[in-house]
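Heads up: the structure comes next, in structure tokens.
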Amino acid sequence: MKNQKNPIKNPKNKQQIISSSSKESQMQRHLGWERPIVGVHVRRTDKVGTEAACHSVEEYMTYVEDYYRTLEVNGSTVARRIFLASDDAQVIEEARRKYPQYQIIGDPEVARMASVSTRYTDTALNGIILDIHLLSMSDHLVCTFSSQVCRVAYEIMQTMYPDAAHRFKSLDDIYYYGGQNAHNRRVVIAHKPRTHEDLQLRVGDLVSVAGNHWDGNSKGKNTRTNQGGLFPSFKVEEKVDTAKLPLYAGI
Ligand SMILES: Nc1nc2c(ncn2[C@@H]2O[C@H](COP(=O)(O)OP(=O)(O)OP(=O)(O)O)[C@@H](O)[C@H]2O)c(=O)[nH]1
Ligand SMILES: [Mg+2]
1 MKNQKNPIKN PKNKQQIISS SSKESQMQRH LGWERPIVGV HVRRTDKVGT
51 EAACHSVEEY MTYVEDYYRT LEVNGSTVAR RIFLASDDAQ VIEEARRKYP
101 QYQIIGDPEV ARMASVSTRY TDTALNGIIL DIHLLSMSDH LVCTFSSQVC
151 RVAYEIMQTM YPDAAHRFKS LDDIYYYGGQ NAHNRRVVIA HKPRTHEDLQ
201 LRVGDLVSVA GNHWDGNSKG KNTRTNQGGL FPSFKVEEKV DTAKLPLYAG
251 I
């Protein structure tokens, strides 16, 4: 009985597991997948200018090149390879044109189906599942963590290593769990707005933070005034929320 419930020990399920993993390696052979490989996710279309800034292909590739140069510090030569996923097919075409020294694995047709008008079809769903899977299988990720797509790939990647915390470069947000509790910050140094974009802060105010802009500023909302805007990140500190947990005195 016990044996039947265990999918690894049950021969029928074992067969399924073996065939799905061999399908995966067949697919990787078909794509020309070899390691080391960097997974690059370029989120464009509806995201750009509304929820996130546009980053050029060159900006992503600078960090890819850094990764390969670091591998080469011992004097070896490492072939340049990326897996490129995007919701904009032009990005794959642009990268292939500008970086002929790179082997670029990526399917412009999958990216075309990810456009806003067709992304809710079954074909597009298969495309995003495959893209996230291949991003997670990469040795290193270069992407924008403002996108849930890359954060999911990174979360899956974490299951393959004791700690994958150094295996990514995000061009914008720090990692966060979609739907996480608020990480409010408490103001420790008052702030007078420098421009109309800035928040006014009093010591003790609580600020909900939307993102780090990596130029010394963060964006957030002052919960006292309900005003949103920028502020110097060093003027606030994390407010740690505590919760009462059961003591299990009998254990
Ligand atoms: N195939 C493919 N589809 C993509 C890619 N990037 C974005 N998409 C599509 O765009 C959708 C965006 O999904 P969301 O979960 O809203 O992710 P996001 O907009 O990047 O981030 P949040 O809205 O902040 O969660 C995906 O479900 C896909 O349909 C990509 O690299 N490949
Ligand atoms: Mg979205």
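For the sequence shown, UniProt numbering begins at 1 and goes up steadily by one.
No residue lacks a Cβ here, since even glycine has one placed at the ideal position from N, Cα and C.
CB contact flag (residue i, residue j, <7 Å)
| i | j | result |
| --- | --- | --- |
| G39 | L135 | yes |
| K219 | L230 | yes |
| A52 | T144 | yes |
| V78 | L71 | yes |
| I251 | D139 | no |
| E237 | V188 | yes |
| A95 | I104 | yes |
| G216 | P232 | yes |
| Y102 | I128 | no |
| D88 | T45 | yes |
| S147 | R35 | no |
| Y132 | A165 | Reading off the sequence shown, one finds Ile at residue 132, where the question assumed Tyr. No. Outside cutoff. |
| V209 | R194 | no |
| H41 | V116 | no |
| Y60 | V142 | yes |
| H213 | L201 | no |
| K221 | G228 | yes |
Residue(s) in a DSSP beta bridge with residue i
| i | result |
| --- | --- |
| L141 | G39, F168 |
| N222 | V207 |
| D198 | L230 |
| R186 | L206, E237 |
| H191 | L201 |
| V48 | A52 |
With 16 other Cβ atoms within 10 Å as the buried cut-off, status of residue i
| i | result |
| --- | --- |
| L199 | buried |
| K244 | exposed |
| Y176 | exposed |
| G204 | exposed |
| F168 | buried |
| R29 | exposed |
| I174 | exposed |
| V240 | exposed |
For residue i, three-class secondary structure by DSSP
| i | result |
| --- | --- |
| V57 | helix |
| Q103 | strand |
| V116 | coil |
| H213 | coil |
| L84 | strand |
| V78 | coil |
| A153 | helix |
| P108 | helix |
| L31 | helix |
| Y63 | helix |
| I129 | helix |
| L71 | helix |
| P7 | Here the model assigns P7 a pLDDT of 41, short of 50, so the residue's position is not dependable and the matter cannot be decided. |
| A124 | helix |
| I251 | coil |
| A89 | helix |
| Q158 | helix |
| L245 | coil |
Near ligand 3: residue i beta-carbon under 6 Å from a heavy atom
| i | result |
| --- | --- |
| R96 | Ligand 3 is not among the ligands present in this structure, which contains only ligand 1 and ligand 2. |
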